[in-house]
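Here is the structure we will look at.
Numbering (the working numbering), first residue to last: 2 to 266.
This is the structure we're talking about:
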């Protein structure tokens, strides 16, 4: 029993332990394209490597923007654990991040790893570069469009990392789910965010509890009651300055991703 301020896994069992200890990604879990329905598989395939016991998602100097039509100069290396979208030219698809989106390439439905309640945890390193952002966002599978809420386990902007710590975004974003309200904040974390840290959410039927290195940092008094897919990303975002490729590749390193499910009593 704990005081509630630390992550207690005694009521859970480890259901998925993605250690990245092989040579390739598990195709039964990871779909290596970033919402390709809004673009194409060719333009959104992740550059990645599994080596030395970690996953490395990479943006190179020659990585092109994933969707100039809809997202300008944004570049991304991304994995997701599901895929749902509609027919060509329809507005049906996951992660409708702006108005006016229509399907540019039809995709088969993929239901690879869709958690529903429990604990989701990842051990990752941030990137201290002004244009970089790394994140783990479980989002609704959206086979019903209203089921689109987002649980932000972490998002870390390189521009918000300093010499003694940085800001980590955590919380819930409703996206297009009218049953949710925005409850998201950036919490200050001391320590080197480019070193490995553990980020987790305890997803309960009535609330969500967010942890960094096992320590409670935020409670959201609402929840999501539908399956989600994991969205694991590194972005290169445009800045006011011309693009500087001297720091490339931008490498987002992930030691593991885990799902714990409630024990059946």
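Backbone N, C-alpha and C define an ideal beta-carbon position, used for all residues, glycine too.
query                                                                                                                                                                                                      : result
Excluding sequence positions up to five away, which residues of its chain have a Cβ less than 6 angstroms from the Cβ of residue 267?                                                                      : Lying outside 2 to 266, the shown extent of the chain, residue 267 is not represented and no answer is given.
By Cβ distance below 6 angstroms, which residues in the same chain neighbour residue 114 in space, the five residues on each side in sequence not counted?                                                 : 30 and 82
Mapping DSSP to helix, strand and coil, what is residue 69?                                                                                                                                                : helix
Using the Cα positions of residue 198 and residue 257, report the straight-line distance between them to the nearest angstrom.                                                                             : 11 angstroms
With respect to the alpha helix (DSSP H) encompassing residue 64, which residues constitute its N-terminal and C-terminal limits?                                                                          : Segment: none, residue 64 is in no alpha helix (DSSP H) and carries neither H nor E.
Given 8 angstroms as the limit, is there contact between the region 229-244 and the region 118-134, that is, 3 or more CB pairs closer than that?                                                          : yes
Could you tell me if residue 108 is buried or exposed, where buried requires 16 or more neighbouring beta carbons within 10 angstroms of its beta carbon?                                                  : buried
Starting from the C-beta of residue 92, find all residues in its chain whose C-beta is less than 8 angstroms away, skip the five residues before and the five after it, and write them out in chain order. : 102, 103 and 104
Is residue 89 buried or exposed, if buried means 16 or more other CB atoms sit within 10 Å of its CB?                                                                                                      : exposed
Examine the Cβ distances between the region 218-226 and the region 16-28 and report whether three or more of them are shorter than 8 angstroms.                                                            : no
So residue 137 and residue 233 are in contact, right, with Cβ under 8 angstroms, and what is the actual spacing, rounded?                                                                                  : 5 angstroms
At the level of alpha carbons, what is the spacing between residue 67 and residue 266?                                                                                                                     : 46 angstroms
Near residue 221, what residues of its chain come up, given a Cβ to Cβ distance below 7 angstroms and the 5 sequence neighbours on each side ignored?                                                      : 172, 173, 184, 208 and 209
Would you please state the rounded distance, in angstroms, between the beta carbons of residue 1 and residue 59? I believe it to be under 8 angstroms.                                                     : This structure gives no information on residue 1, because the portion of the chain shown stretches from 2 to 266.
What did DSSP end up calling residue 39 once you bin it into helix, strand or coil?                                                                                                                        : helix
Could you tell me the boundaries of the beta strand (DSSP E) in which residue 55 lies?                                                                                                                     : 55-60
Does DSSP classify residue 44 as helix, strand or coil?                                                                                                                                                    : helix
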